[in-house]
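Trainee: I have a structure I would like to understand better, so I am pasting it below and will then ask my questions one at a time.
Number of protein chains: 2
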Amino acid sequence: MDGCRQGNPLFLMLIVQKYGGTSVDSFERIRNVARRIKSLLDEGNEVAVVVSAMGGVTDKLIAMAQEICEEPPDREMDVLISTGEQQSIALVTMALNQIGVKAVSITGRQAGMKTSGSHTRARLETIDSTLSQRYLMEGKVVIVAGFQGINEEGLIQTLGRGGSDLSAIAFASSINADLCQILTDVDGVYSADPRVVPDARKLPEISYDELLELASVGTKVMQSRSVEFAKKYGVKFEVRSSLNNNPGTIVTEEHEAMEAVVIRGVSIERSQARVTITGIPDEPGMSGRILGVLGDDEINIDMIVSNIAHDGYARHSFTMHTNDLGRAQAALKPVLSELGGDANLETEAGIAKLSVVGIGMRSHSGVAAQMFKALGEGGINIGMISTSEIKISITVEETRIEDAARVVHAVFGLDSAPA
Amino acid sequence: MDGCRQGNPLFLMLIVQKYGGTSVDSFERIRNVARRIKSLLDEGNEVAVVVSAMGGVTDKLIAMAQEICEEPPDREMDVLISTGEQQSIALVTMALNQIGVKAVSITGRQAGMKTSGSHTRARLETIDSTLSQRYLMEGKVVIVAGFQGINEEGLIQTLGRGGSDLSAIAFASSINADLCQILTDVDGVYSADPRVVPDARKLPEISYDELLELASVGTKVMQSRSVEFAKKYGVKFEVRSSLNNNPGTIVTEEHEAMEAVVIRGVSIERSQARVTITGIPDEPGMSGRILGVLGDDEINIDMIVSNIAHDGYARHSFTMHTNDLGRAQAALKPVLSELGGDANLETEAGIAKLSVVGIGMRSHSGVAAQMFKALGEGGINIGMISTSEIKISITVEETRIEDAARVVHAVFGLDSAPA
């Protein structure tokens with residue numbers, strides 16, 4: 010069958026499961042995780058598991074550090090908070106032993122997770138899975154500490170937000186797993202946020218690029234770097250619920266049948282603001298200069314629209330989170346002074362962004378037209394427009410964003426046809 | 010001066026301090042530890058520190074394990090409980106940073122602690138202190154996780170009871186420290202238990218062998234294996250209080266002046282029982298057979314007195330903890346049957362052991378006579394007697410043990426002369 014590893018025909022599939030903190034935040038939930046692992050084994054699969062710290066433990070450790078030290082060194086934060094995962098892998102392994110499943114825990118170091126870069130937000134460089142492979146060959150379930158590794162100097166480092174997902178995807182790649190299941194508190198990836206669009210449907214599958222585009226516009230199922238890693242190394246993964254046994258959403262490489270669906274999903278992002286600078290001399294380097302000062306202040310710019318106005322001056326508009334608006338204005342003030350009397354800055358808060366994403370857009374024309382027509386018929390004004398090969402993003406007034414999402418979701422038939 | 014390291018004349022002394030769980034069981038105590046370390050530095054010393062888990066943490070982790078699994082695998086227990094020390098080293102390091110002291114934490118693995126043997130009670134084999142030395146050369150205080158190391162396979166192991174003391178002594182040896190301070194909740198080693206002998210005095214110094222003999226007879230200041238390690242590698246250490254700044258007791262190699270003191274200390278052990286077997290054919294191997302069955306049942310035998318009675322049969326008496334008496338009788342029953350009709354077993358509970366210890370005994374005669382005379386004058390009957398080169402142990406009725414201790418303590422002048 011499709012998922013079988015050639016090297017080990019005795020097993021149905023080699024599956025890596027990843028359980029987040031809420032899945033292991035009580036003894037009962039740890040026992041439940043053990044039972045889920047056992048049922049996968051009983052079906053004939055080979056299993057390795059990546060576990061986060063028990064829910065709340067990491068926050069508690071951070072609070073302890075802050076009690077002791079105003080600015081705890083990142084190096085020591087990593088030593089401290091990496092104990093959270095080390096505890097949970099031991100406990101999950103014990104729970105498996107209790108129900109008769111042979112299992113061993115391995116820390117990030119033992120799993121060969123090599124990191125680099127800064128403490129508390131390290132990069133995962135390589136994985137030497139020799140030890141893990143040996144245990145798997147011995148018929149043991151391997152329980153791996155997520156979120157952590159060691160750098161070249163042998164120091165413990167953690168991977169920062171979403172690090173356990175990254176650990177799981179990377180570990181799955183290193184042992185050549187057939188599937189990596191990300192067990193979480195959502196059922197999968199939806200065609201839209203069901204709280205906004207009641208007709209939203211769970212997607213049976215989605216491509217890496219589509220999930221990346223959706224993730225970058227607010228559907229925070231997974232951190233982008235985990236999806237990017239999966240894409241780079243071709244790791245097929247499934248986002249599914251740890252609370253039930255329903256199939257989730259398979260995230261995979263594009264295949265031809267996927268292109269039949271024009272739009273995979275709709276996502277929205279609220280609390281956006283627009284900054285527009287007019288009267289900019291149309292000279293090389295001006296955009297870089299403007300975006301540069303914002304970057305220096307770590308203000309995240311999202312959409313950018315630039316053009317030359319009828320007066321010969323350039324005009325730049327960009328969006329950001331409303332919270333960053335004040336800092337952006339302050340950062341841009343000196344630049345405006347340099348530009349002289351014709352330069353002007355306008356801002357607009359209270360807007361939101363809507364994006365439609367689908368690899369089918371590449372081979373289908375008229376998508377934007379269909380979308381804009383439907384919004385117009387719904388009486389919704391479009392502000393900025395920005396497009397990529399597989400995405401169309403627009404801004405609308407924030408008060409209309411939910412209406413806009415429902416109109417667009419319906420016009421592309423996401424509520425009825427199999428997504 | 011005496012304590013100076015030749016290699017690093019800039020520093021007064023290189024000191025390893027070891028803090029137990031009660032010294033780090035609250036934020037305030039952790040801050041206190043940091044201040045103590047800083048004052049040693051301020052005096053011009055170079056410092057490395059070995060820390061236990063915060064008081065209560067290890068027990069809490071063990072309770073969690075038992076909640077999850079009836080018989081948690083020892084391998085996983087080590088993964089779980091070693092997190093206790095990893096947390097405390099990070100917190101102590103942070104507390105040092107907070108008061109402006111450069112410090113780094115290092116786990117048992119990073120400290121190069123190589124272990125072997127069984128999980129949860131591993132042996133410490135070697136220490137590769139390369140990384141620690143590097144940090145010390147950089148002027149940093151090194152905060153080392155006690156109680157833990159890794160074995161040849163790279164698995165985390167813990168050293169069992171008293172393991173942090175052993176870590177400290179061994180680490181001090183590996184970095185060639187001038188002194189290892191064991192900070193604990195007692196002020197030092199006393200000439201007798203002050204609760205029993207109000208005149209007991211704190212000893213300024215004691216030899217390894219004397220402490221070993223005292224430790225083996227009930228003065229549980231430190232586990233024997235730590236003292237044996239210190240003796241083997243000549244690590245001078247000091248047992249002192251973490252609650253005040255009083256000098257403690259220096260434990261060191263024997264030197265000539267020490268022999269002037271005949272008796273260093275008196276120790277007692279309560280709840281002992283005696284088993285006597287009579288009517289044993291005087292044949293080779295009989296003692297081994299009898300002690301063998303007790304050993305097989307893991308019954309610890311303490312004093313052994315054997316002789317040939319007037320009837321030509323051998324007679325063996327030995328002492329053990331009262332709690333083991335029932336098991337010992339059961340274990341010996343089949344042996345008695347084999348020995349036939351003349352063999353007989355008697356038991357006596359309600360006895361206690363008193364020992365006097367001192368390397369001065371080697372060069373002073375009449376010590377036993379002096380002791381027995383004083384006890385006789387005090388109306389205290391002596392049961393069994395057992396001697397070694399630097400120790401005399403006797404049994405008395407348990408109701409008289411405190412009187413016996415005071416009589417002996419006084420007759421050797423331990424309450425008045427500088428010990």
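Chain order of the listed sequences is A and B.
By our numbering, the letter at position 156 of the first sequence is numbered 165, and the numbering carries on one by one without gaps.
By our numbering, the letter at position 278 of the second sequence is numbered 287, and the numbering carries on one by one without gaps.
Cβ coordinates follow ideal geometry from the N, Cα and C atoms, glycine included.
Small disclaimer: the values here were computed from a predicted structure and weren't measured.
Against chain A, does Thr116 of chain B count as a neighbour if the rule is that its beta carbon must be under 9 Å from one of theirs?
Mentor: Yes, its Cβ sits closer than 9 Å to a Cβ of chain A.
Trainee: Would you mind sorting Ala266 of chain A into buried or exposed? The rule is 16 or more other CB atoms within 10 Å of its CB.
Mentor: It counts as exposed.
Trainee: Should Ser280 of chain A and Leu223 of chain A be called a contact, given that it needs their Cβ atoms to be closer than 9 Å?
Mentor: Their beta carbons are not under 9 Å apart, which means Ser280 of chain A does not touch Leu223 of chain A by this criterion.
Trainee: Nearest-angstrom Cα distance between Glu263 of chain B and Gly369 of chain B?
Mentor: Cα to Cα, Glu263 of chain B sits roughly 10 Å from Gly369 of chain B.
Trainee: Can you tell me whether Thr396 of chain A is buried or exposed? The criterion is at least 16 other CB atoms within 10 Å of its CB, across all chains shown.
Mentor: Thr396 of chain A is exposed by the Cβ-count criterion.
Trainee: Please state whether DSSP places His330 of chain A in a helix, a strand or coil.
Mentor: Of the three classes helix, strand and coil, the one that applies to His330 of chain A here is strand, per DSSP.
Trainee: Along chain B, in chain order, which residues have C-beta atoms closer than 8 Å to that of Glu79 of chain A?
Mentor: The answer, in chain order, is Gln107.
Trainee: Does the CB of Ile165 of chain B have a neighbour CB from chain A at under 9 Å?
Mentor: Chain A, which has a Cβ nearer than 9 Å to the Cβ of Ile165 of chain B, makes this yes.
Trainee: Measure the Cβ-Cβ separation of Gln140 of chain A and Gly121 of chain A and say whether it is below 9 Å.
Mentor: Note on residue identity: the sequence assigns Leu, not Gln, to residue 140 of chain A. The answer is yes: Cβ separation under 9 Å.
Trainee: Ignore the nearest five residues each way along the sequence and tell me which others in Cys189 of chain A's own chain have a CB closer than 6 Å to its CB.
Mentor: Closer than 6 Å at the Cβ level, and outside the excluded window around Cys189 of chain A, lie Val25, Ala177, Ile178, Ala181, Val244 and Phe246.
Trainee: In this structure, how does DSSP classify Thr167 of chain A when only helix, strand and coil are distinguished?
Mentor: Strand, per DSSP.
Trainee: For a contact defined as C-beta to C-beta under 7 Å, what are the partners of Phe36 of chain B on chain A?
Mentor: Ordered by position in chain A, the residues that pass the 7 Å Cβ test against Phe36 of chain B are Glu76 and Ile77.
Trainee: Are three or more beta carbon pairs between the region 229 to 238 of chain A and the region 202 to 221 of chain A nearer than 8 Å?
Mentor: The region 229 to 238 of chain A vs the region 202 to 221 of chain A: in contact.
Trainee: Threshold first: 4 residues or longer. Then list the alpha helix (DSSP H) segments lying entirely within the region 132 to 191 of chain A, N to C.
Mentor: Entirely contained in the region 132 to 191 of chain A, the alpha helix (DSSP H) runs reaching 4 residues are, in chain order, 139 to 146 and 172 to 183.
Trainee: In whole angstroms, what separates the C-alpha of Thr285 of chain A from that of Thr356 of chain A?
Mentor: Taking the straight line from one Cα to the other gives about 6 Å.
Trainee: Just to confirm the assignment: which complete alpha helix (DSSP H) runs, minimum length 4, are found wholly within the region 81 to 124 of chain B?
Mentor: Counting only runs of 4 or more, we get 83 to 107.
Trainee: Have a look at the DSSP bridge pairing and note the partners of Ser250 of chain B.
Mentor: Its beta-bridge partners are B:Thr193.
Trainee: Compute the distance between the beta-carbons of Lys211 of chain B and Asp196 of chain B, then report whether it is under 9 Å.
Mentor: Result yes, Cβ atoms of Lys211 of chain B and Asp196 of chain B sit closer than 9 Å.
Trainee: Determine the DSSP secondary structure at Gly422 of chain B, reduced to helix, strand or coil.
Mentor: In this structure, Gly422 of chain B counts as coil in the three-state DSSP scheme.
Trainee: Could you tell me the alpha carbon to alpha carbon distance between Gly16 of chain A and Glu85 of chain B, rounded to whole angstroms?
Mentor: Note that Gly16 of chain A scores 46 on pLDDT, short of 50, meaning its location in the model is unreliable; the coordinates nonetheless yield the value given after this. The alpha-carbon atoms of Gly16 of chain A and Glu85 of chain B are separated by roughly 30 Å.
Trainee: Would you say Ala413 of chain B reaches chain A, if we count a Cβ-Cβ gap shorter than 9 Å as a contact?
Mentor: It does not; no Cβ of chain A falls within 9 Å.
Trainee: List, in chain order, every chain B residue whose beta-carbon is nearer than 7 Å to that of Arg45 of chain A.
Mentor: In chain order: nothing, as chain B lies at least about 15 Å away.
Trainee: By DSSP, does Thr31 of chain A sit in helix, in strand, or in coil?
Mentor: Helix.
Trainee: Let me know the secondary structure DSSP gives Arg14 of chain B once reduced to three states.
Mentor: Note that Arg14 of chain B has pLDDT 44, beneath the 50 cutoff, so the model's placement of it is unreliable and no number is given.
Trainee: For Phe421 of chain B, collect the residues of the same chain with a Cβ closer than 6 Å to its Cβ; drop the 5 residues on either side in sequence, then sort them by chain order.
Mentor: Closer than 6 Å at Cβ, skipping near neighbours: Ile272.
Trainee: Count the other CB atoms within 10 Å of the CB of Gly367 of chain A; is the residue buried (16 or more) or exposed (fewer)?
Mentor: Buried is the call here.
Trainee: State the Cα-Cα distance for the pair Asp291 of chain A and Gly321 of chain A, rounded to the nearest angstrom.
Mentor: Answer to the nearest angstrom: the Cα atoms are 7 Å apart.
Trainee: Along chain A, which residues have their Cβ under 8 Å away from the Cβ of Glu147 of chain B?
Mentor: Result: empty, since nearest Cβ-Cβ is about 13 Å, beyond 8 Å.
Trainee: Just curious, the beta strand (DSSP E) that Val284 of chain A is in, first and last residue?
Mentor: Element bounds for Val284 of chain A: Gly274 to Ile289.
Trainee: Starting from the beta carbon of Glu347 of chain B, find every residue of chain A whose beta carbon is closer than 9 Å, and list them in chain order.
Mentor: Those within 9 Å of Glu347 of chain B in chain A number zero; the least Cβ separation is about 42 Å.
Trainee: Go to Thr396 of chain B, then tell me how far its alpha helix (DSSP H) extends in each direction, as first and last residue.
Mentor: It is not in any alpha helix (DSSP H) - Thr396 of chain B instead sits in the beta strand (DSSP E) that spans Ile394 to Ser397.
Trainee: Looking only at its chain, what residues have a beta carbon closer than 7 Å to the beta carbon of Arg132 of chain B, apart from the 5 residues adjacent to it on each side?
Mentor: Closer than 7 Å at Cβ, skipping near neighbours: Thr124, Ser125 and Gly126.
Trainee: Are the C-beta of Val88 of chain A and some C-beta of chain B separated by less than 9 Å?
Mentor: For Val88 of chain A, the answer is yes, since a Cβ of chain B falls inside 9 Å of its Cβ.
Trainee: Report the neighbours of Glu4 of chain B on chain A: residues whose CB is nearer than 7 Å to its CB, in chain order.
Mentor: Because chain B spans 10 through 428 in this model, residue 4 of chain B falls outside it and cannot be assessed.
Trainee: Looking at the structure shown, is Thr67 of chain B part of a helix, part of a strand, or coil, going by DSSP?
Mentor: DSSP places Thr67 of chain B in helix when its eight states are reduced to three.
Trainee: Taking Cβ positions only, does Met73 of chain B come closer than 9 Å to chain A?
Mentor: So yes, Met73 of chain B belongs to the interface.
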